[in-house]
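S.K.: So for the sequence shown, the working numbering puts the first residue at 241; every next one is plus one.
Even for Gly, the Cβ is constructed at its ideal location relative to N, Cα and C.
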Amino acid sequence: MTVALVLATCSQPPDILTQVREAGLLQVATRNSPTAYYLGLDGPEGPEYELARGFAEWLGVRAGFIVVPSGTAALEEVAHHRVHLAAAGIVANQARRSRLVFGPTYQQVSQNIVYREWDPPPESAVDLEGKRIEVVAGSTHAEALAALARHEPGLAYVERRGVDQLDLLARVSSGDIDYTVADSSEFSLGRHFHPELRTAFTLTLSEGIAWAMSPRDDSLAPLVRRYFDDIRADGSLERILARYYEAADRFDYVHSLGFMRHVHERLPELRPLFEQAAAETGFDWRLLAAIAYQESKWDPAATSVTGVRGIMMLTEPTAARVGIDDRLDPVQSILGGARYLIEVENKIPPRIPEPDRMWLALAAYNVGFGHLEDARILTQRQGGSPDRWADVRRHLPLLAQERWYTTLRRGYARGWEPVQFVDRIEGYLEMLVWLTGSPDAPLRLVTPPPVEVMADTAAVD
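Right, here's the structure in full:
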C-alpha cells in the first residue's frame with residue numbers, strides 16, 4: 241500500500257511553474273503584429289515581446305517565443321499545453337475566460353468598423369447590410385459580428401483564414417472589401433500604412449487585453465499577477481506601452497500619406513545606396529533611410545535657404561569634416577550622413593541602453609550635442625533621467641524659454657525641433673521595419689513577415 245502511494249506520487253508531473261524553473265525557459269505563444277511581436281533593428285520587438293521577456297527575467301529564466309498566425313492560434317497553443325502562456329494582444333472576454341486562465345488586464349481596447357475616408361461612413365448595423373465585410377476567422381471580431389447579425393438578418397460577413405489584421409486593412413484600403421473590424425490598438429498602429437482609413441461606429445466598448453494560461457494548474461497565474469503589480473508600480477508597463485502607442489499617435493496623417501507614396505516611388509532606386517552606406521558604417525539601412533526621408537523626402541537635389549543640401553541635408557562644414565565633396569551626389573551624401581551620425585553617437589555615454597541612446601544621438605544630430613547636453617542637465621534638475629529619451633524629450637522644448645535657457649551654458653535653442661525630428665524618424669523607421677521584416681528582405685507592402693518559430697531568446701541581452 242505504501243509503495244503504491246509512493247509510486248502514484250512520483251508519477252505526478254511537476255506543476256507548470258516548476259517546469260519553467262527547472263528548464264530555465266518560459267515558452268510563449270505570440271503573433272507577428274505591431275501590437276505584439278516583430279523583428280526590429282536589433283532583433284525582436286513589440287509590446288507583448290517586451291512584457292513577456294520582462295516576465296521571464298523577473299522569474300530568472302529565459303523566454304522562448306513561438307510565432308503563430310493569430311491570437312486564436314496562440315490560445316490553442318496554450319489549450320494544448322504546447323506553451324506556458326499566450327501573449328498576443330488577446331481580448332479576455334467571458335467566453336475565453338470560461339476555457340482558460342487569464343492574467344490581469346493591462347490594456348483596454350474597443351472594436352470598431354473600419355472604412356475608407358472617401359466612402360460614406362456606416363452609422364449603424366443597418367448600413368452594413370449588403371456590404372463586403374471580412375474579419376479574421378475565429379476572432380473576437382467575428383464573435384461581435386455574429387452577435388450583431390442575430391438582430392440584423394441582412395448582415396453578412398466572411399471569416400478569412402490565413403490573414404491578419406493588416407491584411408484586412410489593406411483590403412479595405414484597396415477597395416477589395418467595404419469594411420473590416422479592428423481593435424483600437426491595432427488600428428492605432430496599422431493606420432499609418434493606410435492613412436486614408438477611418439473608424440466608424442464601435443461594435444464593443446472597452447475590453448481587456450491579458451495573457452492566457454492553461455487551466456490545468458494555477459501555479460503560474462499568481463506570479464503573473466505579481467509581475468504586473470510590480471511593473472505598474474515602477475512605471476515599466478506605462479513606459480513600454482507608451483514607446484509603441486504614443487509614438488504612433490504622434491505620427492500624423494499627412495506624413496503617413498506622403499511616406500507611403502514615396503516608399504513606392506522613390507525608395508526602390510535609393511535602397512541600394514542606403515545598404516551600401518549601412519555596410520560601411522554598421523547602421524541598419526532602414527535607420528539611414530528614415531533619417532534621409534525626414535531630411536529631404538528622399539530628394540537627392542534638396543536644398544534649403546540655410547545652405548544645407550542633398551538627400552541628407554548636410555551643411556558644408558559637416559560634409560567637409562566627414563570627407564564629402566559633393567553633397568548633391570546621393571552616394572556621398574548618404575555616406576556622409578551616416579559618418580556624421582557615428583560621430584554624434586560616439587559622444588553619447590555608452591552606458592545608455594538602446595533605443596534611448598540612438599534617440600538621444602538623433603536629437604544631437606539635429607540640434608547639436610551641446611544643446612542636447614543642456615537638455616539632459618535640465619532634465620536631471622527637474623527630477624527626470626538624463627539617460628531616458630522620454631524624459632529628455634519633455635524638457636528639450638524648454639530650451640526656447642528664457643526662464644530656462646538663461647540657466648544653461650549654451651543658451652537658447654529651438655528645442656521643439658529635435659523632438660519633432662526624432663518623433664518622425666521613429667515613425668518612419670517603425671514603418672520600414674514592418675514593411676521589410678528584416679534588413680535583407682524585400683519590401684512587402686503591408687504583408688506581414690512569414691510565420692516562424694523563434695529559437696530560444698536570451699532573457700538578458
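Between Leu-429, Leu-568 and Leu-636, which has its C-alpha nearest Leu-481's C-alpha?
M.R.: The shortest C-alpha separation from Leu-481 is found at Leu-429.
S.K.: Determine the DSSP secondary structure at Phe-433, reduced to helix, strand or coil.
M.R.: Phe-433 falls in the coil class under three-state DSSP.
S.K.: How is Leu-648 classed by DSSP in three states: helix, strand or coil?
M.R.: Correct three-state label for Leu-648: coil.
S.K.: Just to confirm, is the Cβ distance from Thr-619 to Asp-631 under 8 Å?
M.R.: Yes. Within cutoff.
S.K.: Let's test the definition: count the other Cβ atoms within 10 Å of the Cβ of Val-700 and tell me whether it reaches 16, buried, or not, exposed.
M.R.: In this prediction, Val-700 has a pLDDT of 28, which is less than 50 and means its spatial position is unreliable; what the coordinates show is noted afterwards. By the neighbour-count rule (16 or more Cβ atoms within 10 Å), Val-700 is not buried but exposed.
S.K.: Cβ atoms of Leu-513 and Ile-574: under 8 Å apart, would you say?
M.R.: Yes.
S.K.: Taking the beta carbon of Thr-442 as the centre, do at least 16 other beta carbons fall within 10 Å, making it buried, or is it exposed?
M.R.: Exposed: under 16 other Cβ atoms inside 10 Å.
S.K.: Evaluate Glu-290 with the Cβ neighbour count: other Cβ atoms within 10 Å of its Cβ, from every protein chain shown; 16 or more gives buried, anything less gives exposed.
M.R.: Buried.
S.K.: Is the Cβ-Cβ distance between Gly-343 and Ala-519 less than 8 Å?
M.R.: No, the pair does not count as a contact, with Cβ atoms beyond the cut-off.
S.K.: Do the stretch 344 to 353 and the stretch 413 to 428 meet, that is, are 3 or more Cβ pairs less than 8 Å apart?
M.R.: Result yes; three or more Cβ-Cβ pairs closer than 8 Å.
S.K.: Which of helix, strand or coil does DSSP assign to Ser-273?
M.R.: If DSSP states are grouped into helix, strand and coil, Ser-273 belongs with the strands.
S.K.: Taking Gly-498 as the reference, which of Glu-509, Lys-537, Arg-465 and Arg-621 has the closest Cα?
M.R.: Here the closest residue by C-alpha is Lys-537.
S.K.: Check each candidate in Ala-541, Val-571, Glu-374 and Gly-610 and name the one with the smallest Cα separation from Ala-653.
M.R.: When each option's Cα is compared against that of Ala-653, the closest is Gly-610.
S.K.: Where do the N-terminal and C-terminal ends of the beta strand (DSSP E) with Pro-284 fall, by residue?
M.R.: Looking at the DSSP string, the run of the beta strand (DSSP E) that includes Pro-284 is 283 to 285.
S.K.: Rounded to the nearest angstrom, how far is the Cβ of His-324 from that of Gln-267, given a contact under 8 Å?
M.R.: About 5 Å; that satisfies the 8 Å criterion.
S.K.: For Val-341, which residues from the same chain have a beta carbon less than 6 Å from its beta carbon, with the 5 sequence-adjacent residues on both sides left out?
M.R.: If we look at Val-341 and ignore the five residues flanking it on each side, its Cβ neighbours are Met-453, Pro-455 and Ala-461.
S.K.: If I follow the unbroken alpha helix (DSSP H) through Arg-356, where does it start and stop?
M.R.: Premise fails: Arg-356 lies in the beta strand (DSSP E), 347 to 356, not in any alpha helix (DSSP H).
S.K.: Classify Trp-525: buried if its beta carbon has 16 or more other beta carbons within 10 angstroms, exposed otherwise.
M.R.: Buried, since its Cβ has 16 or more Cβ neighbours within 10 Å.
S.K.: Can the beta-carbon of Ala-326 be found less than 8 Å from the beta-carbon of Ala-335?
M.R.: Not closer than 8 Å, so no.
S.K.: Ignoring anything shorter than 4 residues or poking outside the stretch 575 to 660, list the alpha helix (DSSP H) runs there in chain order.
M.R.: Here the runs fully enclosed are 596 to 607, 609 to 621, 629 to 635 and 642 to 645.
S.K.: Quick one: give me the first and last residue of the beta strand (DSSP E) that Ala-422 is part of.
M.R.: 420 to 423 is the extent of the beta strand (DSSP E) around Ala-422.
S.K.: Rounded C-beta distance between Leu-636 and Pro-570? I'm assuming under 8 Å.
M.R.: Leu-636 to Pro-570, Cβ: 30 Å. No contact.
S.K.: From the DSSP output, in three-state form, read off Thr-546 for me.
M.R.: Note: Thr-546 maps to coil in three-state DSSP.
S.K.: In angstroms with no decimal places, state the Cα-to-Cα distance between Leu-602 and Leu-581.
M.R.: About 7 Å.
S.K.: Need the endpoints of the alpha helix (DSSP H) that Ala-303 sits in, please.
M.R.: That residue, Ala-303, is in no alpha helix (DSSP H); its beta strand (DSSP E) goes 302 to 308.
S.K.: Helix, strand or coil for Met-552? Go by DSSP, reduced to three states.
M.R.: Three-state result, Met-552: coil.
S.K.: Measuring straight from C-alpha to C-alpha, what distance separates Asn-606 and Leu-669?
M.R.: Their Cα atoms are separated by approximately 17 Å.
S.K.: Do Pro-360 and Ile-353 have their C-beta atoms within less than 8 Å of each other?
M.R.: In this structure, Ile-353 does not lie closer than 8 Å to Pro-360 by Cβ.
S.K.: Nearest to Val-366 by alpha carbon, out of Lys-587, Arg-483, Pro-393 and Gly-294?
M.R.: Looking at the Cα atoms, Pro-393 is the closest of the given residues.
S.K.: With the cut-off set at 8 Å, would you say Ile-564 and Ile-665 are in Cβ contact?
M.R.: No.
S.K.: Give the straight-line distance between the Cα atoms of Val-318 and Asp-663, rounded to the nearest whole angstrom.
M.R.: Answer to the nearest angstrom: the Cα atoms are 37 Å apart.
S.K.: In terms of alpha-carbon separation, which member of Gly-300, Phe-305 and Arg-339 lies closest to Gly-286?
M.R.: Nearest of Gly-300, Phe-305 and Arg-339 to Gly-286, Cα basis: Phe-305.
S.K.: Please list, in chain order, all residues of the same chain as Ile-757 whose beta carbon is under 8 Å from its beta carbon, the five residues on each side excluded.
M.R.: In the structure as shown, the chain starts at 241 and stops at 701, and residue 757 therefore has no counterpart that could be examined.
S.K.: Run through DSSP, which three-state label would Val-323 get?
M.R.: Here Val-323 sits in coil by DSSP.
S.K.: DSSP three-state label for Ala-328, please.
M.R.: Coil at Ala-328, not helix or strand.
S.K.: Could you check what DSSP says for Gln-259 in three-state terms: helix, strand or coil?
M.R.: In the structure shown, Gln-259 sits in a helix (DSSP, three-state: H, G or I).
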